[in-house]
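Visitor: These protein sequences, in sequence, are chains A, B, C and D.
Take our numbering: the final residue in the first sequence is number 176, and no numbers are missing along the way.
Take our numbering: the final residue in the second sequence is number 387, and no numbers are missing along the way.
Take our numbering: the final residue in the third sequence is number 612, and no numbers are missing along the way.
Take our numbering: the final residue in the fourth sequence is number 193, and no numbers are missing along the way.
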Amino acid sequence: MSEHEGTSSGVERLRATKTLKEILDVATSFEATARDFYTALVPKVGKNLRWLVEDLAKEEAGHYTLFSGLAARPDLERLLQAEVATPASDRRFSDAVLQPDLGERPDDQAILQYALAREHTAMEQYRALAENTEPGPFKELFEYLANEETKHKNELERLYYETVHSGGV
Amino acid sequence: MRAENYQSRAQPPSHEYELNFGPNHPGIEGNYALKVRLHGDTVIDAKADGGYLHRGFEKLMEQRLWIQNIALVPRICVPDPAPMELAYSMAVETLCGLEVPARAQWLRVLQMELSRVAAHLFTFGGHAATTGMYSTMFWGVADRDLILDLFEELTGGRVYHIYNLPGGVRRDVPDGFLDRVSATLDYLESRLADYDNLFFTNQVFITRARGIGPMSQQQALELGVTGPNLRATGLAFDVRRDDPYLVYDQIEFDIPTETAGDAWARTLVRRAELKESIRILRQVVARLPGIPGPIRAPIPNPLAWNVPAGEYYSRVESSKGELAWYVVSTGGAKPWRTHIRGPSAMHAVQVLETLVQGCRLEDVAQIMFSLDACPPEVDR
Amino acid sequence: MSDIDYKAKGSILNPLRTLSFFARKPVTMPLAPRVAAERYRGFHLNDWDKCVGCSTCQKVCDNAAITMVRVPGLPNDPVKGVRDMRPAIDYGRCCWCALCVDLCPTGSITLSREYVHTCTDDQLSSYFILPDPKGIHGQFLGQGWRKEADNDLVDHARQAMGEMTPAARIGNFAEMVNGYDRQQAILEASRCVQCGMCHDACPTHMHAPEYIRAIWQDDVEEAVRQIYRTNPFAHTCGRVCTHKCEDACSIGHTGEPIAIRWLKRYAMDSLAPERVAAIVAEQGKAAPSGRRVAIVGAGPAGLTAAFDLAMAGHRVIVYEALAQAGGMTRYGIPDYRLPQAMLDRDVAVITGLGVEIRYGVRIGTDVSMAELRRDHDAVLLAIGLQYGRSTRIPGSEHADVYRAVDLLREVSAGNPLDVPKQVLVIGGGNVAMDIARSLARLQKIRYGEVGVTVTALQALGEFPADREEIVEAGEEDIVILPSRGPQNVAIEDGKVIGLRTAAVVSLRDAEGRFAPTYDLDDVQFHPGSWVIEAIGQLSDAEAVLGSEVSEQVEWRRGRLATDANGRTSAPWLWTAGDVANGPDVVHAVADGHRVAADMHRFLNTLAEVMA
Amino acid sequence: MTTDIGQWLGHLIGQVEGVQHRGRHARRQRLDVAPDALPALLELLQGKGSFVHLSAISCVDWPEDGQFELVYHVWSYELKTLVSAHIRIPREPGRYLSVYDIYKPAAFFERDIHEMYGVFFEGSPSMEKFILTEWDGPPPMRKEFDSENWVNDHFDWQDYHPDWLNDIESRGGGIAIRPDEQRFSRKAKHES
């Protein structure tokens, strides 16, 4: 599911520090990929699962818009050059930029498991970034994102258990 | 009773007239009354006239669940309601084959004899009042109240105990209750001397009561007289002894009799019975602590209680005489038929009608009270 | 015999001795009202927190003195057996017998220690009281008559149900519960106070008070008549119903609830199938309507709807993918709980009405939904949840990791299973218990001993399974490990060797929703050669409908969107049963009735249009 | 009581034709007898059996059989046994013989049965009304007379409007189940 061994893009990113700009770029493409992935999945799943995929796409699109907006703000340009320590979760986060292969007609459980893993990675990444960033607008941004992703992940977890563990039968 | 029902029974000659004696509860329309035909102040004929004091018990009982009738039957006789519950319960128990636990039987004796004492105190008072001796009535009613206090504690009700259920009784004695019974019995015994002075050995009362409403044993048997009224003619018959129920066969008591068969003798029998009841109650107080529970046999849910088909005639000795229920079940949730044989129904109609023949008007009330007739039980 | 001799003692002077009373101290009683005795039967008090509005007091009242009053704002929950009604007493009718106290199932009613209430003519309404804990005069003087062990008339104890001992039942699939005999059934039925809480709580609102009463009256035919008013799966529900009725039973507040399920079973078992069929026929089948209905799935929901629609005169054809009818009741419930012969009886009554069941036809594969639609006026989708969910933990894709429903289907169909000596079951619901106990029996038969371990996320008290299932599983030497979350299936040399679980720290989040968290420092290994997942089920509704129909209809969060009557956005298609509202037989029956009624309304309008 | 009541009674009633005898216990004996044999039986019981006390006469209505059952409860002070003699008479015309000549208390019971069931006793001293002097309806103890219906037809339920009820009604609640809808004794049917 979220195990994608052997992707070649990892090595160059194995640096101790990165600029905020670099990190934001990755995050933006992370959200864009997800948005595109879910959007592409919509016609592939049965109509009964479409609500789930559409919900997920909408969520990711929201984050993408937020990031694109930040990158375009001239007043933040200087701050974006600051170097921050690369979080331990960075590699997994970067890997998730790539689209997974869930097969031709993934079921609700598979979609949820993918989404859960993604949210978990994002949550860890943003939390670590928030810790590594000097106090200021970006620290607040990462904290905000970490909380968002945590909430989202919890929501998905509940949905997962309610869907899969369908109760006392 | 409406005015149009007060029509004279015949067209009497001018020197005879008719008097409606009663209804004896002036506030209640349609109560029991005695229509007396007089020649001067001498009674030449009398007819009992039933009323509507309590109405249609037997019909009502056919429409109620077996257990619900327990709430109804004590109302048939206010002065002595307890035996009504008991006799009805005994009939149902026989039909159901219920074994009443020993402790329940002793508790029932306790209730019965307390009720008998209360009823006799009431009767003394009533009888005394008919001869103008109202102090005895006040005393009797006040002392009866002490028994009612005990009933309130034991059963939750002062007059309508609703204490029996088919199968046993509803509650056990509360803490310290037997001590309070003993104290009340001590008090009542001590009062007996007062009653003797004021009433039983009062020469005015003796003179008023002796020779009034006399009945021979032969006459009493013919008229179906029972209870103290029968024993006052010398026949020592008592259902408790001769058709025994509860645990009366384990209790020592005498059956007092008199021979004169008049109003005086009837009252003397009751006075002696009061003492016998106290004697019985002392035995209950002494033995009850040693009788283990339970106080009720297991009974079904009252809402789903079919009593097996059958019939039974259950009899007890009430303070007024032989009390019986004839109960018929067709196996249903309600009685098919219940018929009460109340002692007063006999005494207040045929017996009273007979005994007042030839007596003087002022003795009619005394004869009635000396028979201890209970109008509600006539009307039932 | 008299002990006073009036001749000797009688004197006109004797009463004068009484004059000595003038010298005595007068007895003076205070004017203030005194409090009555501790068990005095005064005016009613009612503890509103205890009272559930069952109206038993009203039923036992001799004098029609009790009126039930609906009080807005009080809890009103049929499933919990609580009504927002409270008794009001008419003191123009009450006789203070206190039978209402003695028979009160909750013990909420007591009587006060007050003697008197009186009023003038213009205040007559003060004789009509809604008792609360303070009583008629708003002054609580302590409780008088109340329910104690001596005077309690509620019949608390249930008739014991005979069943096979664990040793006797573990080696076979024979039905383990004996059922009541006539005497037991009558005694058990006699405990009922006819409050009707069961009727309100039952999903299909069975006339339980009526059939319990009929059983008590030894009128089994009447009982069956009452049962069939609402439930054509009576043999089945008499055995495996989740009996919401018993949870709501008012006797359950202070005693054991009436064994309503077993009484239903008694009534059904007591009557020959021909008599049951004759009683059903009494209801009278309507004249043929000329309408055709297709029902997909011969489970309880589909067949209940088939029953109703056939009675209403419609031609009903049921398409069943498997070889026999009953759905999960046949292929999910083991024989020791529900012998298939009993299910056959229920089905026979329904087919006896002219309902045709075509077996072995899988809609979406053998016949398309479009064809069904073409050949019928209306279609009901009642396919249930036939597919097991997988945990998809690492290793769960191994061939020796099974879904419980698949195995149960094999057991019920009588197909041989190569059950190993030690198996592991994941799940705490009834399906988990069913597969655990079924495999235990197969192991006992094959190896002479049981080797089943059940792990579940829930703590023992929170298992979705019925209490008795858990107890009985324990009696059959099945090991149950609560609060363990599966982490991975251990595989060695291509073979399953066991399951790793972590301790569950918490099962629910702050909002009470299901979201387990694990303590990964507390991991255990459970050896076993098979792992069976019994965590949840899903349907293949989308596949049955086919993509064309599937695209046409509305969906709502993964399920077909329906109105309150089970009708989808396609005017010819309804859905019912577990696939719509799960997950037990009686809910499916209720669903079947509801949907059938709506389909019948629809078919009637069709007839009008055609005419 | 040392006498074997059953045996003794069996011997006595052997003199009356068609009597069936059952004993519940020593002090309760039941006899079933044809109506025309009852007076002779009672005379025998009273004269030879010392059953001098007529405790009661009970009437039981059996509408489905079209019969009234009359039960004569007699007691012997000597034998200490109660014998209940049962007869069945046709409900129509509901006539029977008075036993007043044998037992005086019969007058009271017969008058009562006449008033409550409409059974006429020939030779009874008074068949006048006793309690129901203002009643011109059917004999009320007959099963077909439904007294509760009669009450409901002739009397109104008290119409109460206490403040608490007005308040509850203003909040959307109110009387939900009237007592007459639920009264259990009314619902429970007779099974016979």
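Using N, Cα and C, we set each Cβ at its ideal position, and we do this for glycine too.
Small disclaimer: the values here were computed from a predicted structure and weren't measured.
Would you be able to state if there are at least three C-beta pairs under 8 Å between the region 90–102 of chain B and the region 137–148 of chain B?
Guide: no
Visitor: So, helix, strand or coil for A/GLY17, using DSSP?
Guide: Unreliable positioning characterises A/GLY17 in this predicted model, as indicated by a pLDDT of 43, which lies under 50. The coordinate reading is nonetheless provided below. Helix, per DSSP.
Visitor: Note down, in chain order, each residue of its chain lying with its Cβ closer than 6 Å to the Cβ of C/GLU223, except the 5 sequence neighbours on either side.
Guide: Only ALA215 meet the Cβ criterion.
Visitor: If I'm right that C/MET370 touches C/VAL545 with Cβ under 8 Å, what's the distance once you round it to whole angstroms?
Guide: 7 Å
Visitor: For B/GLY34, count neighbouring C-beta atoms within 10 Å of its own C-beta (all shown protein chains included) and say buried if the count is 16 or more, exposed if not.
Guide: Low local confidence applies: a pLDDT of 42 at B/GLY34 is under 50, so the model's placement there is unreliable, and no value is given.
Visitor: Who are the Cβ neighbours of B/ASN209 in its own chain at under 8 Å, not counting the five residues just before and after it?
Guide: MET140
Visitor: What number of angstroms, rounded off, separates the C-alpha of C/GLY475 from the C-alpha of C/ALA379?
Guide: C/GLY475 and C/ALA379: Cα-Cα distance of roughly 47 Å.
Visitor: Excluding sequence positions up to five away, which residues of its chain have a Cβ less than 7 Å from the Cβ of B/VAL188?
Guide: LEU157, LEU288, VAL292
Visitor: Looking at the C-beta of C/ASP91, does it have a partner C-beta in chain D at a distance below 8 Å?
Guide: yes
Visitor: Quick check: the region 356–371 of chain C against the region 4–12 of chain D, are at least 3 beta-carbon pairs closer than 8 Å?
Guide: no
Visitor: By Cβ distance below 6 Å, which residues in the same chain neighbour D/SER59 in space, the five residues on each side in sequence not counted?
Guide: VAL72
Visitor: On a Cα-Cα basis, can you pick out the residue from C/GLN160, C/GLY197, C/ARG42, C/GLU450 that is closest to C/LYS81?
Guide: For C/LYS81, the closest C-alpha among the options C/GLN160, C/GLY197, C/ARG42, C/GLU450 is that of C/GLY197.
Visitor: Is the distance from the Cβ of C/GLY327 to the Cβ of C/GLY300 below 8 Å?
Guide: It is a contact, given that the beta carbons lie within the stated cut-off.
Visitor: Whose C-beta lies closer than 7 Å to the C-beta of C/GLY1 among residues of the same chain, with five residues either side of it excluded?
Guide: As shown, chain C starts at 2 and ends at 612. That puts residue 1 of chain C outside it, with no answer to give.
Visitor: Assuming C/ILE90 and C/ALA66 form a contact by the criterion Cβ under 8 Å, report the distance between their Cβ atoms to the nearest whole angstrom.
Guide: A Cβ-Cβ separation of about 6 Å places C/ILE90 in contact with C/ALA66 under the 8 Å criterion.
Visitor: Any residues in the region 71–90 of chain B with a beta carbon nearer than 9 Å to a beta carbon of chain C? Which ones, in chain order?
Guide: ARG71, LEU72, ILE74, GLN75, ASN76, ILE77, ALA78, LEU79, ARG82
Visitor: Leaving aside the five residues before and after C/ILE228 along the sequence, list all residues of the same chain whose C-beta is less than 8 Å from its C-beta, in chain order.
Guide: Here the set comprises MET207, HIS208, TYR212, ALA235, LYS265, ALA268, MET269.
Visitor: List in chain order: all unbroken beta strand (DSSP E) runs of 3+ residues lying wholly within the region 314–374 of chain B.
Guide: 317–325, 328–336, 344–348
Visitor: In chain order, what are the residue ranges of uninterrupted alpha helix (DSSP H) at least 4 long that sit wholly in the region 178–257 of chain B?
Guide: Runs found: 184–202, 210–216, 224–230, 234–238, 246–249.
Visitor: List the DSSP bridge partners of C/GLU357.
Guide: C/ILE318
Visitor: What do you get for C/MET69, buried or exposed, if any count of 16 or more other CB atoms within 10 angstroms of its CB means buried?
Guide: Burial call: buried.
Visitor: Any idea what DSSP makes of A/GLU10, helix, strand or coil?
Guide: Reliability of the predicted coordinates at A/GLU10 is poor, the pLDDT of 42 falling under 50, and the value obtained from them is presented with this limitation in mind. Here DSSP, grouped into helix, strand and coil, assigns A/GLU10 to coil.
Visitor: Compute the Euclidean distance between the alpha carbons of C/MET312 and C/VAL281, then round it to the nearest angstrom.
Guide: About 10 Å.
Visitor: In chain C, which residues lie less than 7 Å from D/GLN183 when you measure between Cβ atoms?
Guide: Ordered by position in chain C, the residues that pass the 7 Å Cβ test against D/GLN183 are SER56, GLN59, LYS60.
Visitor: In the DSSP assignment, find the alpha helix (DSSP H) that holds C/LEU304 and state where it starts and stops.
Guide: 301–312
Visitor: Identify whether A/ARG213 lies in helix, strand or coil by the three-state DSSP scheme.
Guide: As shown, chain A starts at 8 and ends at 176. That puts residue 213 of chain A outside it, with no answer to give.
Visitor: Give the secondary structure of C/ASN173 by DSSP, where H, G and I count as helix, E and B as strand, and everything else as coil.
Guide: coil
Visitor: Any idea which residues DSSP pairs C/TYR519 with across the strands?
Guide: C/VAL505
Visitor: What's the gap between the Cα of C/GLN160 and the Cα of C/GLU189?
Guide: 6 Å
Visitor: CA-CA distance, A/GLU162 and C/ASP336?
Guide: 40 Å
Visitor: Starting from B/MET144, trace the alpha helix (DSSP H) both ways and give me its first and last residue.
Guide: 141–162
Visitor: Which residues share a DSSP beta bridge with B/TYR24?
Guide: B/LEU45
Visitor: By the 7 Å beta-carbon criterion, what residues does the region 26–42 of chain D contribute toward chain B?
Guide: ARG28, ARG29
Visitor: Between B/LEU26 and the rest of its own chain, which residues show a CB-CB distance below 7 Å, the 5 nearest in sequence each way excluded?
Guide: VAL43, LEU45
Visitor: Alpha carbon to alpha carbon, how far is C/ALA562 from C/GLY291? Give it in angstroms, no decimals.
Guide: 29 Å
Visitor: Please name the residues in the region 26–40 of chain C whose beta-carbon is closer than 8 Å to at least one beta-carbon of chain B, in chain order.
Guide: ALA37, ALA38, GLU39, ARG40
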